[in-house]
Amino acid sequence: MVRVQETYSEPPADVFFRECVRANEPLVVRSAVKDWRALSWSPEYLRRWDDETLSVAPLQVRGPHAFCDKWLEQPSLWRHAEASPSLGVNARQLLVVSAARVHMPVRRFLSLLRPDVSGVSATFYADGAANLARYFPFLAADFAPPPLASALELKRADLWIGGRSTSRMHFDNLDNVFTQLVGQKEFVLAPPHEGEALVAQSCQGVRASGDLLSGSRKGDR
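Here full-length UniProt numbering is used: the first residue of the sequence shown is 1, the next is one more, and so on.
Next comes the structure, spelled out in structure tokens:
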């Protein structure tokens with residue numbers, strides 16, 4: 001097990017780049033964004049934008065993939081609208097599947113964050129994917145890039161809002177400066193040189209809603 005370094009003192013940008021980013025070493029910085037307005041958010045504050053429209057992801061609350069944002073399926077469960085030579089799907093591969101995003105106003109989204117209260121069979125969360133600029137521009141002023149990231153070329157800002165969710169083991173093409181505002185999140189990190197030791201296991205039994213790569217589930221149409 002690799003011990004992740006933790007600090008309450010934000011390192012200078014050049015040190016962070018040299019010793020963490022370039023060296024592929026994770027770092028936890030405690031209490032690093034105490035001046036962000038986002039730390040004082042409340043349901044009442046967010047309801048100022050009740051009529052704004054969001055793109056959110058549904059999550060199942062029961063079954064083998066409860067609260068999972070993605071799961072694995074065999075390619076044989078899918079048919080594609082057009083041949084895609086670049087896709088290269090074969091019987092030995094798995095597809096990563098997620099439910100189709102839906103659009104709803106902020107007031108509806110806030111009411112569905114608690115499935116035990118709302119009575120629906122799914123919960124929803126805003127799931128990043130460069131959504132701060134597209135769907136949450138009214139909240140952009142509540143954030144600021146941390147000083148330690150000033151030596152980096154920041155590509156995009158993702159915002160997750162929700163209750164409970166689980167992400168599959170995955171690899172991000174971009175390095176992350178991740179900030180937890182409320183609640184807690186557990187990370188499982190694997191050193192880059194241990195990638196071949198990770199084994200993907202098939203997850204069966206959950207039907208996706210919507211399209212994937214311009215295709216549809218067999219039997220869905």
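Every residue gets a Cβ at the ideal spot worked out from N, C-alpha and C, and that includes glycine.
Cβ neighbours of D51 within its own chain (closer than 6 angstroms, five residues either side excluded): P105. Going by C-alpha positions, T7 is about 37 angstroms away from S111. By the C-beta criterion, the segment 172-188 is judged to be in contact with the segment 145-158, since at least 3 inter-stretch pairs fall below 8 angstroms. L59 is positioned such that its CB atom lies closer than 7 angstroms to that of S165. Look at the beta carbons and you see the segment 21-41 not touching the segment 121-135: under three pairs across the two are nearer than 8 angstroms.
Counting every other CB atom within 10 Å of its CB across the protein chains shown gives T123 a total of 16 or more, marking it as buried.
Looking at the DSSP output, L72 sits in a beta bridge with V96.
By the Cβ-count criterion, D69 is buried, with 16 or more other Cβ atoms from all chains shown falling within 10 Å of its own Cβ. Check the Cα spacing between P75 and each of V96, F143 and P145: the tightest is with V96. In this structure, I161 sits near A126, with a CB-CB distance shorter than 7 angstroms. Taking S167 as reference, the option from R47, W71 and L46 with the minimal CA-CA separation is W71.
Taking C-beta separations shorter than 6 angstroms and ignoring five residues to either side along the sequence, the partners of R37 in its chain run D142, following chain order. Spanning the alpha carbons of S55 and F16 requires a straight line of approximately 34 angstroms. A Cβ-Cβ separation of about 6 angstroms places A190 in contact with L198 under the 8 angstroms criterion. Beta-bridge analysis with DSSP links M104 to L54. Short of 8 angstroms from the beta carbon of E25, and not among the five residues preceding or following it, lie these beta carbons of its own chain, in chain order: Q5 and E19.
With distances taken between CA atoms, R108 lies nearest to R47 out of R47, R3, R22 and H193. The three-state reading of DSSP puts D175 in coil, since its state is none of H, G, I, E or B.
By the Cβ-count criterion, L39 is exposed, with fewer than 16 other Cβ atoms from all chains shown falling within 10 Å of its own Cβ.
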